[in-house]
Amino acid sequence: MINFKTIREGERAAVWNMNGKVKYIDGPKRLWLFRETFENLINYSAEADQYLAVRFQNGDIKHMHGPAAVWLDPVLHAKIEIKPLIPINANEAVVIYQRTNKQEVNRKILQGPAQYMPDPDEWLHRFSWHGADPNNPKQKKPSTLAFTKLRVIPDQMYFDVQDVRTADDALLTVQLMIFFEIIDIERMLDQTHDPVADFINAVTADIIDFAANRPFEKFKQDTDKLNNLEAYNNLIARTKRIGYQVNKVVYRGYEANPKLQAMHDHAIETRTALQLEAETEQQAQELADLKLTREADREKQQRALEQKRTEHDQLMKQLAHQQLIKQNQAEHKQKMEFEQESNTLEQKHLHEKNVERANYLKLMKEMQIDLTQYLVAQYQNPDRLIRIDGTGNDHPQLHLHD
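Next comes the structure, spelled out in structure tokens:
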């Protein structure tokens, strides 16, 4: 049989002759086939976040990290698969097992961030732990959590310890929240296959011990102690043994059977009503005390304000009086200074006048003028006349004539 085949550029084909011998031809090429079998080959390519799993006809397996490309050779290869690299975040780790020979297996731990390509003789540890039941989230069910990437950051879980019996046979469900983190992965792998189951068993034992020694009322009074790690000796010891550390346990409350819960709710309502009544009365008393205190403060402030106003008025009057005194003193001083200055001027003027008259009289005396006659002639009419009359035996009489 004769036919023609075209191999395009970028393609590869295998051509089998009638004797079963194969040859590989890369395109572009035009083939003339005579009694030959033509087969297009598939090119498998992996990107940077992928790898190629090549299985050979002899059973060997080879993994090739991307980017890479391999033509499927029907003579050499049985199968080629493109698989994604396993991304590992910074807060994750994977446990890897590697077969060194037919009887020995090594274990190693790879922490992120990384992109992991397993070797053909490697496989990942698969964890299978207790987890929340999808149908009843309050219940923990075995093998619910199945994963290969282990979180190595602090984590938390909710857990309800059921059928907890107090000293007076009250049946309770205690609700908790546990905060924990893994410290030693190797120890965890060696000591336990399910850390969550260990947490559940240990904390259940602690809660049962806590409630068994207390009546229901005492249990309610001591629930604050369930927020302290001292109440969880079994949990602390077990987590330390399996490579974990419990950072905190939070008590979230409790649930009781309907009858006990109804009695408890009624007691709470009664206690709350009494407490509200007491608080209302206390608030009324405090309001009355506040009113009296405010009125007393207001009266005190008013008296203080009136006293300040009186003191201010007195101070203003005193300042006005002092100002008036200063003004009178200034006016008196000014008047005295004016009078003194006037007297000084008048005395000076009189002195000058007397000096002038003395010089005048002196000049007249030098001119040989009788000053007595001059003065008598000048003052013929005296301002005042004094006359004394009297006889020998009679008392003299004084007469004044202006």
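So the sequence shown is residues 12 to 413, counted in the working numbering. For every residue, glycine included, the Cβ atom is placed at its ideal position computed from N, Cα and C. Note that the structure is a prediction, hence the values are computed from the model and not measured.
Residues near residue i in its chain [Cβ-Cβ closer than 6 Å; skip 5 each side]
i, result
"Phe138", "Phe158"
"Leu42", "Lys16"
"Phe190", "Gln167, Asn258 and Lys259"
"Ile13", "Phe45"
"Glu50", "Ala25"
"Lys119", "Ile107"
"Gly70", "none"
Straight-line gap, residue i to residue j (C-alpha atoms, nearest Å)
i, j, result
"Lys259", "Gly123", "26 Å"
"Asp201", "Thr48", "58 Å"
"Ile53", "Thr155", "41 Å"
"Lys337", "Leu326", "16 Å"
"Gln384", "Glu367", "20 Å"
"Gln379", "Gln389", "17 Å"
"Thr17", "Arg46", "16 Å"
"Gly254", "Ile107", "18 Å"
"Arg314", "Glu322", "12 Å"
"Lys319", "Asp300", "28 Å"
"Leu44", "Arg19", "16 Å"
"Glu357", "Lys346", "16 Å"
"Gly264", "Lys302", "42 Å"
"Lys236", "Val207", "23 Å"
"Pro78", "Leu135", "23 Å"
"Leu361", "Glu352", "14 Å"
"Tyr169", "Arg23", "59 Å"
"Thr281", "Ala295", "21 Å"
"Asn339", "Asn354", "22 Å"
"Lys251", "Thr283", "43 Å"
"Thr291", "Leu285", "10 Å"
"Ala331", "Asp324", "10 Å"
"Leu287", "His277", "15 Å"
Own chain residues within Cβ distance below 8 Å of residue i, not counting five before or after
i, result
"Asp205", "Ser139, Trp140, His141 and Pro153"
"Asn102", "Gly123, Arg162, Val163 and Ile164"
"Gln68", "Val86, Leu87, His88 and Ala89"
"Ile72", "Ala64, Val65, Arg66 and Pro131"
"His74", "Tyr62, Leu63, Ala64, Val65, Met128, Pro129, Asp130 and Pro131"
Residue-chain proximity (residue i, chain D), Cβ-Cβ < 8 Å
i, result
"Ala273", "No chain D appears in the structure shown, which is made up of a single protein chain."
Cβ-heavy atom distance, residue i to the ligand SAM, below 7 Å
i, result
"Thr111", "Judged by which ligands are present, the structure shown has none, so any question about the ligand SAM falls away."
Beta-ladder partner(s) of residue i, from DSSP
i, result
"Asp233", "None; Asp233 has no bridge partner."
"Leu183", "Val175 and Ala267"
"Ser8", "Lying before the first or after the last residue shown, residue 8 is absent from the chain, which here runs from 12 to 413."
"His74", "Ala64"
"Val116", "Arg110"
"Glu133", "Gln109"
"Asp209", "Bridge partners of Asp209: none, in fact."
"Ser139", "Ala157"
"Val261", "Met188"
"Pro95", "Gln61"
"Phe45", "Ile13"
"Glu22", "In DSSP, Glu22 forms no bridge with anything."
"Val33", "Trp27"
Proximity of residue i and residue j at Cβ, strictly below 8 Å
i, j, result
"Asp174", "Gln186", "no"
"Lys149", "Ile211", "no"
"Arg66", "Ala80", "no"
"Phe227", "Asp166", "no"
"Ala222", "Leu183", "yes"
"Ile196", "Ala104", "yes"
"Asn238", "Ala213", "no"
"Lys94", "Ala64", "yes"
"Tyr127", "Ile99", "yes"
"Met375", "Leu386", "no"
Neighbourhood of residue i by C-beta distance below 7 Å, restricted to the same chain and skipping five residues each side
i, result
"Asn224", "Ala178"
"Arg110", "Val116 and Asp132"
"Ile247", "Leu240 and Val257"
"Val234", "Note that residue 234 is Thr in the sequence shown here, rather than Val. Hits under 7 Å: Tyr262."
"His76", "Tyr62 and Met128"
"Ile193", "Val163, Met199, Gly254 and Tyr255"
**Prompt:** Do the region 105–117 and the region 81–88 meet, that is, are 3 or more Cβ pairs less than 8 Å apart?
**Reply:** no
**Prompt:** Is it a yes or a no for the region 24–32 touching the region 55–62, going by three-plus beta-carbon pairs under 8 Å?
**Reply:** no
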